[in-house]
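Enquirer: One structure coming up, written as structure tokens, with questions to follow.
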Amino acid sequence: MKTLFLSGHGVNLRVENARLMIRDGCEYERREPAEYELRPKGDDYDSIVIYGHSGNISLEALKWLSKQNVQLTILNWDGQLLNTVLIPEIKKGATRFNQYKAFDGNGRVDIAKKFIDAKIASSVTVLDWLTQRYPELKERRRASFEELNCYKDDLAGATTISQILGIEGMVARNYWLILAEIFDKKWKFEGRLIGKTGRPMGATDPINALFNYGYSILESQCWRAINAYGLDPYIGFVHQMATGKYPLVYDLQEPFRWLIDVAIIDALEKGIFTKQDFIRTDNYVIRLSSAGTKKLLEAVNVQLTNRVQFRGNSWEWGYVIIQKAGEFVHYISESKPDFDFSSPAPTLTRDDTPELRDRVLAISYYNWMKAGYSKGSLHYLKKNAKSEKPFRVYGKMKEKLDAYFQ
0 MKTLFLSGHG
10 VNLRVENARL
20 MIRDGCEYER
30 REPAEYELRP
40 KGDDYDSIVI
50 YGHSGNISLE
60 ALKWLSKQNV
70 QLTILNWDGQ
80 LLNTVLIPEI
90 KKGATRFNQY
100 KAFDGNGRVD
110 IAKKFIDAKI
120 ASSVTVLDWL
130 TQRYPELKER
140 RRASFEELNC
150 YKDDLAGATT
160 ISQILGIEGM
170 VARNYWLILA
180 EIFDKKWKFE
190 GRLIGKTGRP
200 MGATDPINAL
210 FNYGYSILES
220 QCWRAINAYG
230 LDPYIGFVHQ
240 MATGKYPLVY
250 DLQEPFRWLI
260 DVAIIDALEK
270 GIFTKQDFIR
280 TDNYVIRLSS
290 AGTKKLLEAV
300 NVQLTNRVQF
310 RGNSWEWGYV
320 IIQKAGEFVH
330 YISESKPDFD
340 FSSPAPTLTR
350 DDTPELRDRV
360 LAISYYNWMK
370 AGYSKGSLHY
380 LKKNAKSEKP
390 FRVYGKMKEK
400 LDAYFQ
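Heads up, the sequence shown is in numbering that gives the first Met the number 0, so the first residue is 0 and it goes up one at a time.
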């Protein structure tokens, strides 16, 4: 999945000679915006995200995007999904009829469990990934880990949507209490429950702003998947129906929120974001600058384009979302006897564990060179091990370390 990010004043999309002509917006630090030319049936981009203040999109450009299956996402100033131009919808009445039957019948609770079971499983995977680097988390938040384990085991016995929501809420509460421990205190993150409403929108700290923007990008991906199979976004199985809400879109986000979580955590660990990437508005709400939004989009795109083995092939995670929506359609049409959102499961590993760092720092240059390896390669590895930033050990260097420690 390739995403083009546009921002600033005067963003322009039009069609000339069957090609989509794009001009980025003007900003203080960018007086001469870039221009792009997308050809029909090309593979330049399959998604465009606009976080702009003004501009024009011609009707012909909207038609071009739809015909070429290029999704257009427009973000509001606070990171909310303002609008999205989707790929053409499959108009298949039987799909929605089956969806309504599943919602009204006894299967709603079972389907709701499938969404939340996958969310809980992926949340546990993220926490396991974190404790590889921060083993002290298990001691500092022992009560949260124990409570999370109790609640995740309760899901199987839930018999109502209310019970499922209660379990999901308690798991999420403990999940965020644990995550809060790893964020630099300078960001002033105190959790995802904010103010009188208890809702995270209208972020008052940079961390919540990042997650709001990130989840909006995920929301647009889920819209794409739901639309691709002709499902009704207004009928969900976990989230309740309400005016102006899209319950099925929110349902489909749940199993894949970990993609956003990992993208943001990884970016923060690498020190990608600075205070200049965030702007506090007159009503004391935090929004991202154009530069900050671009950094976030790039981090999220890395996760969406990571590959996983699925159905005997290597798939990007962004396309897995679409494939799982298709499997869900087969399940509610009773052409597939069972189904879950937990497969494929995320595989999260890291090399920058405290144990590895200590072992690398303990290697003597003499013994390393005696083993036949260069001094320069160890110097670079020791530099990474001394740093607080995350790092990976790839290919031949990983083989060298494995052989050295044997």
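Here a beta-carbon is modelled for each residue, glycine too, at the ideal position from N, C-alpha and C. These numbers were taken from a predicted model, which means no experiment stands behind them.
Does the ligand HEM have a heavy atom nearer than 7 Å to the CB of G51?
Expert: This structure lacks the ligand HEM; in fact it carries no ligand of any kind.
Enquirer: Between which two residues does the alpha helix (DSSP H) harbouring Q67 extend?
Expert: Taking the first residue of the sequence shown as 1, we reach residue 67 at position 68. Where Q67 is concerned, there is no enclosing alpha helix (DSSP H), given that its DSSP letter is neither H nor E.
Enquirer: Run through the region 110-141 for me and flag every whole alpha helix (DSSP H) of 4 or more residues, listed as ranges in chain order.
Expert: Complete alpha helix (DSSP H) runs here, min 4: 136-139.
Enquirer: Could you round the C-beta distance between K399 and Y372 to whole angstroms and report it? I think they count as a contact, below 8 Å.
Expert: Within the sequence shown, numbered from 1, the residue matching residue 399 stands at position 400. Within the sequence shown, numbered from 1, the residue matching residue 372 stands at position 373. Correct: roughly 6 Å between the Cβ atoms.
Enquirer: Kindly indicate which three-state DSSP category V248 falls into: helix, strand or coil?
Expert: Taking the sequence shown and counting its residues from 1, one reaches residue 248 at position 249. In this structure, V248 counts as helix in the three-state DSSP scheme.
Enquirer: Using CA atoms only, rank isn't needed, just tell me which of N211, D109 and S363 is closest to V284.
Expert: Your numbering for residue 284 matches position 285 in the sequence shown. Of the candidates N211, D109 and S363, the one whose C-alpha sits nearest the C-alpha of V284 is N211.
Enquirer: Give me the Cβ distance between E253 and V237, rounded to the nearest whole Å; I'm assuming they're in contact under 8 Å.
Expert: Along the sequence shown, one-based indexing puts residue 253 at 254. Along the sequence shown, one-based indexing puts residue 237 at 238. That belief holds up - the Cβ atoms of E253 and V237 are roughly 7 Å apart, short of 8 Å.
Enquirer: Take G54 as the anchor and find which of N312, H8 and A370 has the nearest alpha-carbon.
Expert: Here residue 54 is taken as the residue at index 55 of the sequence shown, counted from 1. Answer by Cα proximity: H8.
Enquirer: Give the straight-line distance between the Cα atoms of Y214 and N148, rounded to the nearest whole angstrom.
Expert: Walking along the sequence shown from the start, residue 214 turns up at place 215. Walking along the sequence shown from the start, residue 148 turns up at place 149. If I take the Cα positions, the gap works out to 25 Å.
Enquirer: If we count Cβ pairs, one from each stretch, closer than 8 Å, do we get three or more for the region 60-67 versus the region 14-33?
Expert: Judged by Cβ distances under 8 Å, the region 60-67 makes contact with the region 14-33, as three or more pairs qualify.
Enquirer: Which parts of the region 205-284 are runs of the alpha helix (DSSP H), unbroken and 4 residues or longer, counting only runs that do not cross its ends?
Expert: If we require 4 residues or more, the alpha helix (DSSP H) runs fully inside the region 205-284 come out as 205-227, 246-252 and 256-268.
Enquirer: Could you give the residue range of the alpha helix (DSSP H) that holds R13?
Expert: Walking along the sequence shown from the start, residue 13 turns up at place 14. From DSSP, R13 is part of no alpha helix (DSSP H) but of the beta strand (DSSP E) over V10 to E15.
Enquirer: Of the residues R95, L80, I49 and R38, which one's Cα is nearest the Cα of Q67?
Expert: Indexing the sequence shown from 1 puts residue 67 at position 68. Taking only the C-alpha atoms, the option nearest Q67 is R38.
Enquirer: With a threshold of 8 Å on Cβ separation, who are the neighbours of Y379 within its own chain once the five nearest residues in sequence on each side are excluded?
Expert: Working through the sequence shown from its first residue, we reach residue 379 at position 380. For Y379, where only same-chain residues beyond five positions count, there are no Cβ hits under 8 Å.
Enquirer: Compare the C-alpha of F340 against each of Q131, T94 and A120 and name the closest.
Expert: Taking the first residue of the sequence shown as 1, we reach residue 340 at position 341. If we check each option's Cα against that of F340, A120 comes out closest.
Enquirer: Taking DSSP as the reference, what is the three-state secondary structure of K397?
Expert: The residue given as residue 397 occupies position 398 in the sequence shown. Three-state result, K397: helix.
Enquirer: Quick one: using the 10 Å Cβ neighbour count with 16 as the cut-off for buried, is L192 buried or exposed?
Expert: Sequence index remark: in the sequence shown, residue 192 carries index 193 (1-based). So L192 counts as exposed.
Enquirer: To the nearest angstrom, how far is the alpha carbon of V14 from that of I225?
Expert: The residue you call residue 14 lines up with position 15 of the sequence shown. The residue you call residue 225 lines up with position 226 of the sequence shown. Going from the Cα of V14 to the Cα of I225 covers about 28 Å.
Enquirer: According to DSSP, C149 sits in a beta bridge with which residue or residues?
Expert: The sequence position of residue 149 within the sequence shown is 150, counting from 1. None; C149 has no bridge partner.
Enquirer: Using a 10 Å radius around the Cβ and a threshold of 16 neighbouring Cβ atoms, would you call T158 buried or exposed?
Expert: Within the sequence shown, residue 158 is the residue found at index 159, counting from 1. Under this definition T158 is an exposed residue.
Enquirer: Closer than 8 Å is the cut-off here; do at least three beta carbon pairs connect the region 350-358 with the region 292-299?
Expert: Too few Cβ pairs lie closer than 8 Å, so no.
Enquirer: Can you round the beta-carbon distance between D204 and W186 to whole angstroms, since I take them to be within the 8 Å contact cut?
Expert: Working through the sequence shown from its first residue, we reach residue 204 at position 205. Working through the sequence shown from its first residue, we reach residue 186 at position 187. Right, the Cβ-Cβ distance comes to about 6 Å (below 8 Å), so this counts as a contact.
Enquirer: Where S122 and I177 are concerned, what is the direct C-alpha to C-alpha distance, given to the nearest angstrom?
Expert: Taking the first residue of the sequence shown as 1, we reach residue 122 at position 123. Taking the first residue of the sequence shown as 1, we reach residue 177 at position 178. Approximately 11 Å between the Cα atoms of the pair.
Enquirer: What would DSSP say about T196, mapped onto helix, strand or coil?
Expert: The residue you call residue 196 lines up with position 197 of the sequence shown. Note that T196 scores 49 on pLDDT, short of 50, meaning its location in the model is unreliable and no value can be drawn from it.
Enquirer: Restricting to Cα atoms, I'd like to know which of E333, I56, R223 and L5 is closest to A33.
Expert: Within the sequence shown, residue 33 is the residue found at index 34, counting from 1. That would be L5, whose Cα lies nearest to the Cα of A33.
Enquirer: Excluding the five sequence neighbours on either side, which residues of its own chain have a C-beta within less than 8 Å of the C-beta of A179, listed in chain order?
Expert: Here residue 179 refers to the residue found at position 180 when the sequence shown is read from its first residue. Here the set comprises F188, E189 and G190.
Enquirer: Report the rounded CA-to-CA distance for D265 versus N16, giving the unit in angstroms.
Expert: For this step, residue 265 is matched to residue 266 along the sequence shown. For this step, residue 16 is matched to residue 17 along the sequence shown. When rounded, the distance between both Cα atoms is 42 Å.
Enquirer: Taking CB distances under 8 Å as the criterion, tell me whether T352 reaches chain B.
Expert: In summary, chain B is missing from the structure at hand, where a single protein chain is found.
Enquirer: What are the start and end residues of each continuous alpha helix (DSSP H) run of 4 or more residues lying completely inside the region 156-195, in chain order?
Expert: Entirely contained in the region 156-195, the alpha helix (DSSP H) runs reaching 4 residues are, in chain order, 160-178.
Enquirer: What is the DSSP secondary structure of L58, counted as helix, strand or coil?
Expert: What you label residue 58 is simply residue 59 of the sequence shown in a count that begins at 1. Note: L58 maps to helix in three-state DSSP.
Enquirer: Going by DSSP, name the residue or residues bridged to G201.
Expert: In the sequence shown, residue 201 corresponds to position 202, counting from 1. DSSP, once it has assigned bridges, lists no residue as partnering G201.
Enquirer: Tell me which residues share the same chain as I271 and place their Cβ nearer than 6 Å to its Cβ, disregarding the 5 neighbours each side in the sequence.
Expert: Mapped onto the sequence shown, residue 271 falls at position 272. Hits under 6 Å: K294.
Enquirer: How should L267 be labelled, buried or exposed, when 16 other C-beta atoms within 10 angstroms of its C-beta is the threshold for buried?
Expert: Position 268 of the sequence shown, counting from 1, holds the residue named residue 267. L267 comes out buried.
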